[in-house]
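Residue numbers for the sequence shown follow my numbering, so the first one is 13 and each next one is one higher.
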Amino acid sequence: MVTNKQKEKIYNLISQKQEGAYWDFKREWYSKEKQADLLHDIICMANNMECRDAYIIIGIDEEKECSIQDVKNDSNRRNTQKMVDFLRDKKFAGGVRPRVVVEPLQVEDGEIDIIIIKNDYYTPYFLEENYKGVNRISPQGV
């Protein structure tokens, strides 16, 4: 459950109407064809230089003034367990994966989801092998 402090933080990030070093906006959940993008975004957020929890905020349309796009009926929607399962079979260096939690957040115009990528001491995260034709993601960018 999103705490009041987290809720205030998310509202503040959305009100800035731009993405930052530890938060990203997505209009809708990643489709099956965009799984490599999801993995890439999680790794980037997990390796943020702010050394803090990071957020992928799903249900925010940047092209429409960061308006809310209700994700309640999004067929690609995932919960925490589905995200953990998604990350489990990826070949992360050392077998250590980013910790993620998915939290729904009720807002005036519907519901958005927050993928919270927890800050920890295991950074940098990177893959040992390519995923779906995308080059592996490593500290050297190889």
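Glycine included, each C-beta is placed from N, C-alpha and C at the ideal position.
The structure presented is a predicted model; accordingly, all values stated were derived computationally and were not measured.
Problem set entry | Burial state of Y34, where buried means 16 or more other Cβ atoms lie within 10 Å | Here Y34 is buried, its C-beta having at least 16 other C-beta atoms within 10 Å.
Exercise. Quick one: what's K44 bridged to in DSSP?
Worked result: Beta-bridge pairing by DSSP links K44 to no other residue.
For this session: Please list, in chain order, all residues of the same chain as V113 whose beta carbon is under 6 Å from its beta carbon, the five residues on each side excluded.
Result: The answer, listed in chain order, is T92, I128.
Exercise. What do you get for Y168, buried or exposed, if any count of 16 or more other CB atoms within 10 angstroms of its CB means buried?
Worked result: Outside the shown range of the chain (13 to 154) lies residue 168, about which nothing can therefore be said.
For this session: Below 6 Å CB to CB, which residues in the same chain sit around V14 once its five sequence neighbours on both sides are set aside?
Result: Counting only Cβ-Cβ distances below 6 Å, and skipping sequence neighbours, we find E115, L117.
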